[in-house]
Amino acid sequence: MVEESVLETLKVKADFLTFKPRPFNMREFYDRTGHDIKDMLLSCYYRGDKCSAEDFKVIFTRYGKCYTFNSGQDGQPLRVTTKGGMGNGLELMLDIQQDEYLPVWGETDETSFEAGIKVQIHTQDEPPFIDQLGFGVAPGFQTFVSCQEQRLTYLPPPWGDCRSEPIDSDFFTTYSITACRIDCETRYLVENCNCRMVHMPGDAPYCTPEQYKECADPALDFLVERDNDYCVCETPCNMTRYGKELSFVKIPSKASAKYLAKKFNKTEQYIADNILVLDIYFEALNYETIEQKKAYELPGLLGDIGGQMGLFIGASILTVLELFDYLYEVIKYKLCRCRKQNQKRSNNNDRGAVLSLDNVQCHPPCENLRTPSTYPANILPHHPGQGNFEDFTC
24 MVEESVLETL
34 KVKADFLTFK
44 PRPFNMREFY
54 DRTGHDIKDM
64 LLSCYYRGDK
74 CSAEDFKVIF
84 TRYGKCYTFN
94 SGQDGQPLRV
104 TTKGGMGNGL
114 ELMLDIQQDE
124 YLPVWGETDE
134 TSFEAGIKVQ
144 IHTQDEPPFI
154 DQLGFGVAPG
164 FQTFVSCQEQ
174 RLTYLPPPWG
184 DCRSEPIDSD
194 FFTTYSITAC
204 RIDCETRYLV
214 ENCNCRMVHM
224 PGDAPYCTPE
234 QYKECADPAL
244 DFLVERDNDY
254 CVCETPCNMT
264 RYGKELSFVK
274 IPSKASAKYL
284 AKKFNKTEQY
294 IADNILVLDI
304 YFEALNYETI
314 EQKKAYELPG
324 LLGDIGGQMG
334 LFIGASILTV
344 LELFDYLYEV
354 IKYKLCRCRK
364 QNQKRSNNND
374 RGAVLSLDNV
384 QCHPPCENLR
394 TPSTYPANIL
404 PHHPGQGNFE
414 DFTC
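The C-terminal residue of the sequence shown carries number 417 in our numbering, and the numbering is unbroken.
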């Protein structure tokens with residue numbers, strides 16, 4: 024017989040009205056249901072040395088649970104390479120585990136029909152944006168990715184439209200287009216939905232499945248597709264990206280299918296549908312510089328003007344100086360001439376003020392000053408006598 028106290032305790036435990044469900048955490052759900060790198064990673068080599076799942080760091084993106092190799096976080100040293108070419112980079116063999124894919128019952132914006140993985144190559148300072156910048160790797164193939172580092176330099180205003188100021192963010196320290204975009208999307212969702220997605224930084228609560236469906240996903244899709252004025256992210260003045268060349272070969276070969284099936288305890292069909300090999304390496308240990316320059320600068324303008332003058336009119340810098348000297352002489356002459364005219368006009372005005380007609384008198388002619396002449400005193404030479412001629416005083 025069971026004691027009554029025990030029965031009472033069982034009744035209390037069985038009363039579901041007092042049962043409080045555990046709060047649903049979307050991040051824990053993604054972490055628990057996502058693919059585990061320990062199960063996916065079949066082999067890993069970097070520069071010929073064996074690596075493991077501990078060399079990968081979990082990072083959440085809009086695709087869910089992803090992994091980053093050589094992140095440099097949590098005190099891990101950065102891995103470097105001293106040679107280019109195949110065998111001097113990262114080589115992975117992965118099982119994509121198609122059997123764990125969710126069945127597709129309908130078609131929505133988030134429905135995925137492909138099988139494989141997505142990869143993005145980026146610097147440690149730049150967060151991944153794999154849903155828009157990643158490239159796909161398919162199962163049943165070995166994919167070779169030959170990389171070359173590219174360093175891009177753009178001009179700031181007024182010649183260009185790049186951004187040289189540090190990012191104004193609580194989540195990122197280095198400015199990049201990806202960091203700016205994630206920061207902007209996070210603020211947009213927090214303002215409109217009062218929550219954030221799993222891949223977004225910050226301390227706001229994670230969106231619940233209902234909030235994902237009703238608010239977060241539609242709002243983010245609207246922001247990406249239509250509201251281009253809310254998130255304006257300029258290109259940084261200095262950025263690093265990696266150019267890629269991809270090539271493929273079919274795996275497994277007929278000679279290796281049985282061996283791989285036996286090694287991993289799988290069927291040959293499973294190997295063909297789920298296994299892929301990824302080789303990522305640098306083509307060479309150099310980098311390409313792409314620099315934006317001003318189309319026309321002041322020294323170039325002056326040089327072109329001088330060159331055109333020398334070509335068409337034979338002019339040089341001495342000619343220009345001679346022109347300035349000529350203008351100086353002309354201006355100097357004009358100023359001196361005007362000054363002399365002003366002085367002469369001033370002297371004439373002074374003389375006219377002193378002279379008077381009061382001293383001019385009419386008197387009889389001076390007989391003692393007249394020279395002997397054959398003409399009468401009252402007749403001018405070569406003129407007929409028409410009247411008396413009056414002599415004025417001298």
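Glycine residues also receive a C-beta, built at the ideal position from the N, C-alpha and C atoms.
Excluding its 5 nearest sequence neighbours in each direction, L156 has C-beta neighbours in its own chain below 6 Å: Q143, listed in chain order. Between G71 and G110, the gap from beta carbon to beta carbon is short of 8 Å. Judged by beta-carbon spacing, E130 lies beyond the 8 Å limit of T201, meaning their Cβ atoms are not closer than that value. C-alpha of K367 to C-alpha of C361: approximately 10 Å in a straight line. Separation of T312 and L175 (C-alpha to C-alpha, rounded to the nearest whole angstrom) is 6 Å. Proximity of the region 267-284 to the region 212-225 falls short of the contact definition, fewer than three beta-carbon pairs being nearer than 8 Å. R264 is not a Cβ neighbour of Q147, given a cutoff of 8 Å. G98 counts as exposed, since fewer than 16 other beta carbons sit within 10 angstroms of its beta carbon.
As DSSP reads the structure, S28 sits in no beta bridge. Taking the Cα positions, F164 is about 8 Å away from P275. Sequence-distant Cβ neighbours of I153 in its own chain, meaning closer than 7 Å and more than five residues away, are T84, Y86, C89, K141, Q143. Burial check for P126: the Cβ neighbour count within 10 Å stays below 16, so the residue is exposed. Take L178, set aside five residues on each side of it, and the residues of its chain with a beta-carbon closer than 8 Å to its own are C185, C260, Q315, K316, K317, in chain order. In the structure shown, Q96 falls within a coil segment according to DSSP collapsed to helix, strand and coil. Of E123, D78, Q121, the smallest CA-CA separation from L113 is found for D78. Ranked by how close their Cα comes to the Cα of Q121, the residues Q364, G329, Q331, A295 have A295 in first place. Judged by beta-carbon spacing, V160 lies beyond the 8 Å limit of L65, meaning their Cβ atoms are not closer than that value.
Inter-residue distance for L117 and V103 is about 23 Å (C-alpha atoms, whole angstroms). T196 counts as exposed, since fewer than 16 other beta carbons sit within 10 angstroms of its beta carbon. Residue pairing from DSSP places M116 in a beta bridge opposite S66, V300.
Between Y229 and R219, the C-beta spacing is below 8 Å.
In the DSSP assignment, T56 falls within the unbroken alpha helix (DSSP H) covering 49-56. Its chain contains G107, C170 as the residues whose beta carbon lies nearer than 6 Å to that of F305, once the 5 sequence neighbours on both sides are disregarded; these appear in chain order.
Your pair F47 and T231 checks out as a contact, with CB atoms roughly 6 Å apart and the cut at 8 Å. P259 has R186 as its beta-bridge partners, per DSSP. DSSP lists V142 as the beta-bridge partner residues of F158. Contact check for P162 against I119 passes: the beta carbons are separated by less than 8 Å. The beta carbon of V213 lies closer than 8 Å to those of R219, G225, A227 in the same chain, with the five residues before and after it left out.
When beta bridges are read from the DSSP output, F83 appears opposite K88.
Burial is judged here by how many other beta carbons sit within 10 angstroms of a residue's own beta carbon; C359 has fewer than 16 and is exposed.
Residue pairing for F167: DSSP places it in a beta bridge opposite S270, D302. Secondary structure at N309: strand, using DSSP grouped into helix, strand and coil. When DSSP states are grouped into helix, strand and coil, L341 belongs to the helix group. If you draw a straight line from the Cα of H145 to the Cα of T258, it is about 16 Å long. Comparing alpha-carbon positions, the option among K286, Y310, Q96 lying closest to M262 turns out to be Y310.
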